[in-house]
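For reference, the structure discussed in these notes is given below.
Number of protein chains: 2
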Amino acid sequence: MMSLMADLTELPRRSVWHGWGDPTHVKPLPTGGWPLLKFLGGIEPAAQDTPPVALEDVRLPDVRLSEAAREALVAVVGESHYSTERLDRVEHAGGKSYPDLYRLRSGDGSHAPDAVVFPGTSKEISDLLAACVEHEIAVVPFGGGTSVVGGVDPVRGRFAAVISLDLRRLNAVTSVDPVAQTAVVQAGARGPEAEAVFQRHGLTLGHFPQSYQQATIGGYLVTRSAGQASSGYGRFEENVVSVTMATPTGELVLGGRAPANETAAGPKLLDVVIGSEGLLGVVTEATVQLFRRPEVEHQETWALRDTVTGFAAFRDLAQELGHGIMPDVSRLSDDHETTTVMAQAGLLGVTGMGVLRARGWKAPALAVFQFEDGDKETLRFRRKRLAKVLKRHGAAKMTDSIARHWMSHRFRGPYQRDHLMDHGVFVETVETATTWDNLEHLYTSVQSAIREAIGKGWVQCHVSHLEDGGASLYYTFMATGESDPLAQWARVKTAASQAMIDAGGTITHHHAVGTDHRPWIDEEIGDGGIRILRAIKAELDPTGVLNPGKLIPEEGGAQ
Amino acid sequence: MMSLMADLTELPRRSVWHGWGDPTHVKPLPTGGWPLLKFLGGIEPAAQDTPPVALEDVRLPDVRLSEAAREALVAVVGESHYSTERLDRVEHAGGKSYPDLYRLRSGDGSHAPDAVVFPGTSKEISDLLAACVEHEIAVVPFGGGTSVVGGVDPVRGRFAAVISLDLRRLNAVTSVDPVAQTAVVQAGARGPEAEAVFQRHGLTLGHFPQSYQQATIGGYLVTRSAGQASSGYGRFEENVVSVTMATPTGELVLGGRAPANETAAGPKLLDVVIGSEGLLGVVTEATVQLFRRPEVEHQETWALRDTVTGFAAFRDLAQELGHGIMPDVSRLSDDHETTTVMAQAGLLGVTGMGVLRARGWKAPALAVFQFEDGDKETLRFRRKRLAKVLKRHGAAKMTDSIARHWMSHRFRGPYQRDHLMDHGVFVETVETATTWDNLEHLYTSVQSAIREAIGKGWVQCHVSHLEDGGASLYYTFMATGESDPLAQWARVKTAASQAMIDAGGTITHHHAVGTDHRPWIDEEIGDGGIRILRAIKAELDPTGVLNPGKLIPEEGGAQ
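What follows is the structure, encoded as structure tokens:
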């Protein structure tokens, strides 16, 4: 069987402006998909298709850069790396959130930046920041542009003009150290670009978020990306050895004197930069910890009697087996997601559901696992331990093909959204995390909130990213599009977010804060947390040119 | 065989003022100890014993608190928890560094605080900070008082008076959640006090630094403590779920909405508090991640041909086996430390060395390991994997009793120092960490620097705290005391520290910065790092009353 690791070095073209990735990869729903959505959630395609408008029909605001400002920017990057072209402005008008895409698809380019710059060196980035301070231009760092929370939206803030600073030219793996198993990588390298180099050295970063094919190393870093295999390789933040960041007040180099985390020389200041979402500076380069590339991998499928039984089993996987023994990826679909995953698996899934229902399981929960190991013996041992825990919770073994099918489609989710949006369907995902004792409460609270807000529709969820203390919840929901899709989105998103906070969860496990989660950040980190962030921001970016409108609430409490 | 876990809930009395722990536990060197030191390093006891002076002979400065200040402090804690008693002032005159102890033992109490306060609640701590701001009193948070880097030395800074704020009354485990496996613990609880409660719930914190018996939860947190089993349970910082900290500008509560680390809601601000060494506030309480208490444990001893072969083997343990499979404790003694460990193991050690020399190994390196597991099957598997890697590097299996002997003495090291100081011997430990590619270079550089600075003496080292990217180095060195022991200490300490920085290591893997490592902090974290720390300090403690003279260099570059 083909290794799924092989997928990881394929670099698709950069995302089309109105959707995800290479638009030729968008696939219609499989046969029976629409009837299934109708049956499950009363979801119907719009009477008329809702494709994106033509590029030339996107309404763009005038470029508001003064001639002096333009000259200052061009002086740094050169004419050929400064652009006010329609396509560049539209491609940088937002990330890939539902509202970002909806606006552009319907011709609203009002969020577009005044210009896009493509610096080629960290020196140029420092110089660009200086020019932005001097000419009072807001600047939005832009990596893969995959934010689903408005993180790269060109918000002007108090500034007349805003530019997008695209890091695509800084895409090199500068060096790989095979002994320390570390690499120095420029911030603009996309996942597959970097991974291709690592794998040639027999190494891997082990970091594979759903946005993997488009997102960049710098993006992973500034958003505290988790990656699907965080139970195995750790979150991205755990594997950062050092960071170089250009700021309006000088270049910052943090870390580098010890392996990741392994120092007691004061607070871990790397964690000020990690998750800073472009508000403190532009990360230009990072040294990351790599791992020996696995020799064997294995996917495995099980089912639990119901969702809550699955929660208990997953808790034991984390707390009894722990890191290194529990699977590198563990994912429990609730009964609703189980229905759609099984349906997507075709005949295998139908057969599987038949077998489970014959056991009297009315609402089974599917569990898929991925192991990556250096040798077969370790894999065998870990599988045995997994089986032992799952059997204690009465789990049923299913064909591994279902898990393989899920793994081989793990980067395809965003493409399906494009197809649904082409047919006027509202679709969104939200995610949170909490401790094991609070998991069921958070699960039902957010589910209820989404259901109530969405009305007729479909809500499904999975548990993943197992840790000793808890796990994450990831919801996908859909409904027939309403007449005002942005109001529909805001209503459901707000209800889901407030429910997360009210039920004691985090506002985001791995999507970051951006603009969309900012209304809840004060409840998440408290006044004290906001004061600390503002103090650091004031020190590094006193004029506030960097990524206004994200993460940190405005002074005075206005959002 | 008795489980070593059983040791962990024994709470010895608090340290005597002139040394470590309960002075009745100080043991003389074993028979042959002095001749061995003489043989190895030309180290001889002083002609006359050098015991500590009597308590009443310690010279203390006058109490410099105004009557108004005294009244303000007493108003908060009450007369019975405010002290200017000789014993209290002497006990809080410093931590347990060599210079701290030397000064007190020789009668110099000039570092003593003007008073010691023992608050009973977090509200009292907040009120004390307010009183200190109002009356311009420097305040030094004091947990177990185990700092070996001057971290709790009562430095006055720009203030006329300084008090020590002892947290011993906040020693409760407030709650344990058996599902999330977390506990809320007050900052002043010592390791064994907290662990006793955890173990009654079948749980463990898994955090056992050498200072374990005396140090506190709050101390572990503000110094980024590693713990001997960090390869298994993680460093302390990895297991902090939330923190409550009293600051002069209000109470700060960070974390708590997600399991440790599992959020992407902006920078991980917990890491601003972790490692802050009492400069930003007084940690009053923390929620920590616990683990299921191991059912089985095992110690194992091996030897490698030489130290450098050991480095390569240990790298493979970390990078090939990884967390969860590699031992929870791995410790490689260099050839010098091997000599003394084997000598201390008595007949077993002599026999062992004989066997190794018969192989033609002139300078073997001893490796001791500890496993802790939930079941015998996992233990068996991990031992097999360990053996496979070690054998590939030509390692020889030794009797496990040597490792058991080391483990059962792991909290005894500091007691030996007292005995040596009673006989005028200079003894110190320093530690650092680096990446695997740089380990041998750092090892030899620091070793050479210490040897050169120490002259006639003994230097030994071990590697421990294995991580994917690197490991730590821990040096112990001794010499016959010179006529000016503080000058002797400063000369060797400075040489070792400068060598760490020059050879690319960190100034401290787990001892923290305090006063003693502060001269190197600018090289460690750079101007940018210092600016960030100062900005946070200015926000939370604008008058600077908290722990002056530690961690952050004075503005203007003066140390």
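Note that the protein sequences, when read in sequence, are chains A and B. Each residue of the first sequence is one higher than the one before, starting from 1 at the first, in the working numbering. Each residue of the second sequence is one higher than the one before, starting from 1001 at the first, in the working numbering. Quick reminder that beta carbons are idealized off the backbone N, C-alpha and C, glycines included. It should be emphasised that the depicted structure is a prediction, and the values quoted were computed from it without experimental measurement.
Take the alpha-carbon of residue 1437 of chain B and the one of residue 126 of chain A: they are about 31 Å apart. Counting only runs of 4 or more residues that sit fully inside the segment 1319–1372 of chain B, the alpha helix (DSSP H) segments are 1335–1344 and 1347–1358, in chain order. For residue 35 of chain A, the three-state secondary structure derived from DSSP is helix.
Here the segment 34–43 of chain A lies against the segment 456–465 of chain A, with 3 or more beta-carbon pairs under 8 Å apart. If you check the CB distance, residue 260 of chain A and residue 283 of chain A do not come in under 9 Å. With respect to chain A, the C-beta atom of residue 1486 of chain B has no partner C-beta closer than 9 Å.
With distances taken between CA atoms, residue 396 of chain A lies nearest to A/305 out of A/372, A/486, A/482 and A/305. Between residue 532 of chain A and chain B, the shortest Cβ-Cβ separation is below 9 Å. For the options A/159, A/147, A/73 and A/91, the alpha carbon positioned closest to that of residue 119 of chain A is the one of A/73.
The segment 362–429 of chain A is shown to contain whole alpha helix (DSSP H) runs of 4 or more residues at 376–392, 400–408 and 413–422, in chain order. DSSP lists no beta-bridge partner residue for residue 1274 of chain B.
The segment 1121–1136 of chain B makes no contact with the segment 1173–1182 of chain B: fewer than 3 CB pairs, one atom from each, lie closer than 8 Å. Listed along chain A, the residues sitting closer than 9 Å to residue 1465 of chain B by beta-carbon distance are 262. Neighbours of residue 228 of chain A across chain B, judged by C-beta separation under 7 Å, do not exist; the nearest C-beta is about 14 Å away. Ranked by Cα distance from residue 1199 of chain B, the first of B/1509, B/1163 and B/1292 is B/1292. The alpha-carbon separation between residue 410 of chain A and residue 519 of chain A amounts to approximately 30 Å.
Taking 7 Å as the Cβ-Cβ cut-off, the segment 1301–1333 of chain B approaches chain A at 1319, 1320, 1322, 1323, 1324 and 1325, given in chain order.
Around residue 381 of chain A, the beta-carbon contacts reaching into chain B at under 7 Å are 1381.
Under the three-state reduction of DSSP, residue 1257 of chain B is assigned to coil, being neither helix nor strand. Here the C-alpha atom of residue 114 of chain A lies approximately 6 Å from the C-alpha atom of residue 163 of chain A. Close to chain B, meaning a Cβ-Cβ distance shorter than 7 Å, are the following residues of the segment 427–439 of chain A: 433, 434, 435, 436 and 437. DSSP assignment within the segment 517–541 of chain A yields no whole beta strand (DSSP E) run of 3 residues or more. Annotated three-state conformation of residue 49 of chain A is coil, per DSSP.
At a C-beta separation below 7 Å, residue 472 of chain A has these neighbours in chain B: 1262. Taking 9 Å as the threshold, the shortest C-beta distance from residue 1159 of chain B to chain A does not fall below it. Inter-segment contact for the segment 292–303 of chain A and the segment 382–398 of chain A is present: three or more beta-carbon pairs are separated by less than 8 Å. Three or more Cβ pairs closer than 8 Å define a contact, and the segment 1330–1337 of chain B falls short of that threshold against the segment 1249–1267 of chain B.
For residue 475 of chain A, DSSP records a beta bridge to A/430 and A/461. Rounded to whole angstroms, residue 1542 of chain B and residue 140 of chain A show a C-alpha spacing of 32 Å.
Under a 10 Å Cβ-count criterion, residue 1080 of chain B is classified as exposed, with fewer than 16 other Cβ atoms of the shown protein chains found around its own Cβ.
Cβ-Cβ separation between residue 149 of chain A and residue 107 of chain A: approximately 23 Å, too far for a contact (criterion under 8 Å).
Here residue 439 of chain A carries a helix assignment [DSSP, helix/strand/coil]. With respect to the C-alpha of residue 1047 of chain B, the residue from B/1514, B/1487 and B/1482 having the closest C-alpha is B/1482. Among the residues of chain B, those whose CB is under 8 Å from the CB of residue 181 of chain A are 1319, 1436, 1468 and 1469, following chain order. Here residue 1045 of chain B is buried: its Cβ has 16 or more other Cβ atoms, across all protein chains shown, within 10 Å.
Taking a beta-carbon distance threshold of 9 Å, residue 504 of chain A counts as an interface residue toward chain B.
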